[in-house]
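Novice: Structure in structure tokens, see below.
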Amino acid sequence: MESSPHRRRKLALLFLMGVAFPCLALGYLAVRGIRNELAFVEQRRQSEYRALAAQIGDTIAAEMARSETVYSRLIAEFAGPASADLSGAFDSLRELLPLVEEVFRIEGWESVHLPAAHLAFIPDGGLERRSVARWSPGAAAPFRTGQEREFQGRRYGAAVRSYQLAYDAARDSVLKAEALLAVARVQRKATLFDEALTSYETLFREFDRVRTATDVPAGPTSRLEHASVLSMTGDSLEALAGYLDLYERLVDGAWKLERAEYDFFAGQVSRSIAELLAALPEVSAAPYREFLSALEARGRQISERTENLLLFQSTAIAELRTRVDRRSGNPAPTGTRLAIESAGRDYLVSLLPQRGDQSGVWGLLLDAEYLQAVLRETLESQVDPVTTDWIVKNRDGSVVLARDGPLAGSLTVNATLAGNFPPWLIEFRQLPQSPYRRLLASSQSIYFYMFVLIATILVFGLILTVRAVKHELELAHLKSDFVSTVSHEFKSPLTSIRQMAEMLQTDRVPTEERRQRYYEVLVEQSTRLSSLVTNILDLARIEEWKKELQFEAVDAAELVRELAKTTQHRVGHEGFVVEAHVEEPLPLVRANEDAITQAILNLLDNAIRYSSEARRIEVDATSGDGRVSIAVRDRGVGIPGEELERVFERFYRGGDPMTRSVKGAGLGLTLVKEIVEAHGGTVHVKSEVGEGSTFTISLPAMTE
Numbered sequence: 021m022e023s024s025p026h027r028r029r030k031l032a033l034l035f036l037m038g039v040a041f042p043c044l045a046l047g048y049l050a051v052r053g054i055r056n057e058l059a060f061v062e063q064r065r066q067s068e069y070r071a072l073a074a075q076i077g078d079t080i081a082a083e084m085a086r087s088e089t090v091y092s093r094l095i096a097e098f099a100g101p102a103s104a105d106l107s108g109a110f111d112s113l114r115e116l117l118p119l120v121e122e123v124f125r126i127e128g129w130e131s132v133h134l135p136a137a138h139l140a141f142i143p144d145g146g147l148e149r150r151s152v153a154r155w156s157p158g159a160a161a162p163f164r165t166g167q168e169r170e171f172q173g174r175r176y177g178a179a180v181r182s183y184q185l186a187y188d189a190a191r192d193s194v195l196k197a198e199a200l201l202a203v204a205r206v207q208r209k210a211t212l213f214d215e216a217l218t219s220y221e222t223l224f225r226e227f228d229r230v231r232t233a234t235d236v237p238a239g240p241t242s243r244l245e246h247a248s249v250l251s252m253t254g255d256s257l258e259a260l261a262g263y264l265d266l267y268e269r270l271v272d273g274a275w276k277l278e279r280a281e282y283d284f285f286a287g288q289v290s291r292s293i294a295e296l297l298a299a300l301p302e303v304s305a306a307p308y309r310e311f312l313s314a315l316e317a318r319g320r321q322i323s324e325r326t327e328n329l330l331l332f333q334s335t336a337i338a339e340l341r342t343r344v345d346r347r348s349g350n351p352a353p354t355g356t357r358l359a360i361e362s363a364g365r366d367y368l369v370s371l372l373p374q375r376g377d378q379s380g381v382w383g384l385l386l387d388a389e390y391l392q393a394v395l396r397e398t399l400e401s402q403v404d405p406v407t408t409d410w411i412v413k414n415r416d417g418s419v420v421l422a423r424d425g426p427l428a429g430s431l432t433v434n435a436t437l438a439g440n441f442p443p444w445l446i447e448f449r450q451l452p453q454s455p456y457r458r459l460l461a462s463s464q465s466i467y468f469y470m471f472v473l474i475a476t477i478l479v480f481g482l483i484l485t486v487r488a489v490k491h492e493l494e495l496a497h498l499k500s501d502f503v504s505t506v507s508h509e510f511k512s513p514l515t516s517i518r519q520m521a522e523m524l525q526t527d528r529v530p531t532e533e534r535r536q537r538y539y540e541v542l543v544e545q546s547t548r549l550s551s552l553v554t555n556i557l558d559l560a561r562i563e564e565w566k567k568e569l570q571f572e573a574v575d576a577a578e579l580v581r582e583l584a585k586t587t588q589h590r591v592g593h594e595g596f597v598v599e600a601h602v603e604e605p606l607p608l609v610r611a612n613e614d615a616i617t618q619a620i621l622n623l624l625d626n627a628i629r630y631s632s633e634a635r636r637i638e639v640d641a642t643s644g645d646g647r648v649s650i651a652v653r654d655r656g657v658g659i660p661g662e663e664l665e666r667v668f669e670r671f672y673r674g675g676d677p678m679t680r681s682v683k684g685a686g687l688g689l690t691l692v693k694e695i696v697e698a699h700g701g702t703v704h705v706k707s708e709v710g711e712g713s714t715f716t717i718s719l720p721a722m723t724e
């Protein structure tokens, strides 16, 4: 027979060869498969990013080509330089083709013109000055007289009459506007407010776009003064409405003003509106404040656009000339897209194909903000924000677009747009992910689950192997103890029986009394031997269901009394007191009387063996909840708490030295448990060391 150490080594070797090594090999293959799959996923993601960038570039290029085609056809329909009709046609295309910010024309590669631009103002000195209008003799004399009477004599009534004569005599609108402004001015000084209001109304109704002989724009000047007079007369709401109307007209570019003039009128209007709003109740002022806020925002936007266009107009020609010459060597290109930098700003330009009958070279200034909005919308809709971050940079590395929040992740792909126009670089960055999430995203994640399953099987198999080896060693140890104990238990009575039988056979017993005593010992030892054999055989038969128990109605009360009485008679001479306490009435139980008797006697025998010096044993029989309980209580050595769950195991005997000194094979309580469970009952124990133990059998009671 193999020794235990050899057997353990053999089991460990079989486990390694049959389970561990195959599991490790499969695990290694799973990890390799996962790594390959992750590399493939990364490569596929890079391809997807490049394809997305190409798709965005193609979309932008297609929209630019469409805009270029439409504008080229429109320009070709109009011969010669830009006309009012061409400007109106450009206006109709702005909403249809939002990509185009403005149309421009290059004359002789020396200057850039913006024929259709709606500007809030033009550069200072940008107005073409007309020749100064000359007063006729009939108008000049009263005008000079009016000036003398106004400024020197402060005779306002006479001054008004002189200016009125000059107004009536003038035939030029410039001179008429000059004279009427003087009339209104003097009327205001003379506190003739109603007449002044009428004069200003005539001015912005008949001379709105006229600049006076002294280069004063009649339209905005008359409206500003008109609102000022209304404010002086106490009509705050009408004055406020007049200022707001003037501000809106300024923002919309109703007059061709130089930058300084625009700033002057806008500043005057803003201050006047603020003063009027401060004097109004908050409830009344709220709608005007809201309208003013929207108007100011639109004004800032239009001013910024105007400044941008004027800067392009004044500075871009040199860069355009250089870039075109370097690219084609031809000052008359036929369709070119350029990204130029001028005065610190970037412009996206498309020069349209030139036709022989066209005046100059036409081009489109593309709206970079619109392109950025299209690019952002596409990226946000196409790129998963959980796995990928992105940023768009200009050619100098400055950020054009970025997602909200700080840039994160490692650089995965750099991609440019189609034709590298606009010259923006899109960076896609892979956000850090947990290994588990990456595995779940893998199409080969089955490898991961296989690996987990293999690891689980490996651990489970290891646990089972260890437990099996441990159980086998414990069982071998118990069997060894059992064989040793049973051998001792068999040997002791057999030795006694043999010795006394030999003495009786050889007639060496001196007295009849001694002979009778030997007979009693022979009977006692043979009974002990028979009980031991019966326990072993019955246990095996019950476990293998080879012993069919015959059940009948048993009077548990009578059985308990009889067994207590018999046990008391048997051990009473040793100082034991065995008492029965039976609850009346006690229901019958359906049981095999011999088996139950054997179980109770085993409990009584254990109580006697482990009673130590306290030799009082009680047997209680009670009922409740449809069950009959039989409890055997002793005052002996007791059982430690950690051993209570194992006392019913086969061959188990406690580790206490006193317990070990008591003869037994460790089968009595096991047999009790098997018998009780065969009857559909339960058995449990309560014990404290030094206080004794109580074993309780619970059996189902018979119902009527």
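FYI, in our numbering the residues of the sequence shown are 21 to 724. No residue lacks a Cβ here, since even glycine has one placed at the ideal position from N, Cα and C. Only a predicted model underlies this, so the values are computations on that prediction, with no experimental measurement involved.
(1) For D640, decide whether its Cβ has a neighbour in chain B, counting only Cβ atoms nearer than 7 angstroms.
(2) List the whole-angstrom C-beta distance separating L391 from P442, where the pair is believed to meet the contact cut-off of C-beta under 8 angstroms.
(3) Can you tell me where the beta strand (DSSP E) holding K706 begins and where it ends?
(4) Quickly, what does DSSP pair V433 with across the bridge? List them, please.
(5) Name the one or two DSSP bridge partners that A422 has.
(6) Would you mind sorting E170 into buried or exposed? The rule is 16 or more other CB atoms within 10 Å of its CB.
(7) Should P351 go down as buried or exposed, given a rule of 16 or more other Cβ atoms within 10 Å for buried?
(8) For A137, collect the residues of the same chain with a Cβ closer than 6 angstroms to its Cβ; drop the 5 residues on either side in sequence, then sort them by chain order.
(9) Please list, in chain order, all residues of the same chain as E708 whose beta carbon is under 7 angstroms from its beta carbon, the five residues on each side excluded.
(10) Once DSSP output is grouped into helix, strand and coil, what is the label at V696?
(11) Residues bridged to D124 by DSSP?
(12) Which one of V598, A190 and F224 has the shortest CA to CA distance from L623?
(13) Report all residues from its chain with a CB closer than 6 angstroms to the CB of S362; omit the five preceding and five following residues, and keep chain order.
(14) Give the DSSP bridge partners of F715, in chain order.
(15) Does A634 pass the burial test, meaning 16 or more other C-beta atoms within 10 Å, or should it be called exposed?
(16) Restricting to Cα atoms, I'd like to know which of E594, F141, K706 and G700 is closest to E278.
(17) If the criterion is Cβ atoms closer than 7 angstroms, does the pair A204 and S219 meet it?
(18) Buried or exposed for G239, going by 16 or more other Cβ atoms inside 10 Å?
(19) Taking Cβ positions, are F124 and G383 nearer each other than 7 angstroms?
(20) Checking the sheet assignment: what are the DSSP bridge partners for A611?
(21) Smallest Cα separation from K209: which of L473, V249 and L185?
(22) Count the other CB atoms, across all protein chains shown, that sit within 10 Å of the CB of N434; report buried if there are 16 or more and exposed otherwise.
(23) Closest to L549 by C-alpha separation, out of L331, L514, M523 and A259, would be which residue?
(24) For I411, which residues of its own chain have a beta-carbon under 6 angstroms away from its beta-carbon, when the five flanking residues on both sides are left out?
(25) Check for me: the beta strand (DSSP E) holding D132 runs from which residue to which?
(26) So is Q207 buried or exposed if we call it buried at 16+ other beta carbons inside 10 Å?
(27) Just mark A409 as buried or exposed, buried being the case when its beta carbon has 16 or more other beta carbons within 10 Å.
(28) Report the start-end ranges of each beta strand (DSSP E) in the segment 574 to 642 that is 3 residues or longer and not cut off at the edges.
(29) My assumption, with CB atoms under 8 angstroms, is that V648 sits in contact with V639. Please give the rounded CB distance.
(30) Would the segment 690 to 708 and the segment 602 to 618 be scored as touching if the rule is three or more Cβ pairs under 8 angstroms?
(31) Rounded to whole angstroms, what is the Cα-Cα separation between I80 and T342?
(32) Where does the unbroken alpha helix (DSSP H) through S156 begin, and where does it stop?
(33) Roughly how far, in whole angstroms, is the beta-carbon of I126 from the beta-carbon of G380, given that I think they are within contact range, below 8 angstroms?
(34) Report yes or no: do the segment 258 to 267 and the segment 126 to 135 share at least 3 C-beta pairs separated by less than 8 angstroms?
(35) What does the alpha-carbon distance come out to for the pair G273 and L200?
(36) If you draw a straight line from the C-alpha of T241 to the C-alpha of L134, how long is it?
Specialist: The answer reads as follows:
(1) Protein chain content of the structure displayed is limited to a single chain, and chain B is not contained in it.
(2) Yes, they are in contact, since the Cβ atoms of L391 and P442 sit about 6 angstroms apart, within 8 angstroms.
(3) Taken as a continuous stretch (DSSP letters only), the beta strand (DSSP E) holding K706 covers T702 to E708.
(4) Listed as beta-bridge partners of V433 by DSSP are F448.
(5) Answer by DSSP bridge pairing, in chain order: I411.
(6) When all chains shown are included, E170 counts as buried.
(7) Low confidence applies here, because P351 scores a pLDDT of 41, under 50, leaving its location unreliable and the question unanswered by this model.
(8) Excluding sequence neighbours, A137 sits near E122 and L329.
(9) The beta carbon of E708 sits closer than 7 angstroms to the beta carbons of G658 from its chain, once the five residues preceding and following it are set aside; these are given in chain order.
(10) Helix, per DSSP.
(11) Reading off the sequence, residue 124 comes out as Phe, not Asp. For F124, which the question treats as bridged, DSSP gives the partners G383.
(12) Of the candidates V598, A190 and F224, the one whose C-alpha sits nearest the C-alpha of L623 is V598.
(13) Result list for S362: T335, A336 and E339, in chain order.
(14) Paired residues: V652 and V705.
(15) When all chains shown are included, A634 counts as exposed.
(16) Answer by Cα proximity: F141.
(17) Yes, Cβ-Cβ distance for A204 and S219 is below 7 angstroms.
(18) By the neighbour-count rule (16 or more Cβ atoms within 10 Å), G239 is buried.
(19) The criterion of a C-beta distance shorter than 7 angstroms is satisfied by F124 and G383.
(20) According to DSSP, A611 bridges with E572.
(21) Closest option to K209, Cα to Cα, is V249.
(22) Exposed.
(23) If we check each option's Cα against that of L549, L514 comes out closest.
(24) Hits under 6 angstroms: A422, L427 and E447.
(25) Just to set this straight, residue 132 is Val in the shown sequence, not Asp. Per DSSP, V132 belongs to the beta strand (DSSP E) from S131 to H133.
(26) By the neighbour-count criterion, in which 16 or more other beta carbons inside 10 Å mark a residue as buried, Q207 falls on the buried side.
(27) At residue 409 the sequence reads Asp, which differs from the Ala that was named. Buried: at least 16 other Cβ atoms inside 10 Å.
(28) Fully enclosed beta strand (DSSP E) runs of 3 or longer: 597 to 602 and 609 to 611.
(29) A Cβ-Cβ distance of about 13 angstroms is found for the pair V648 and V639, leaving them out of contact under the 8 angstroms criterion.
(30) Flag = yes, the segment 690 to 708 and the segment 602 to 618 touch.
(31) Each residue's alpha carbon lies about 26 angstroms from the other.
(32) First-last for S156: undefined, no H or E at that position.
(33) With 8 angstroms as the limit, I126 and G380 qualify as a contact, their Cβ atoms being about 5 angstroms apart.
(34) Under the 8 angstroms Cβ criterion, the segment 258 to 267 does not count as touching the segment 126 to 135, having fewer than three qualifying pairs.
(35) Going by the C-alpha atoms only, they are around 24 angstroms apart.
(36) Spanning the two alpha carbons is a distance of roughly 27 angstroms.
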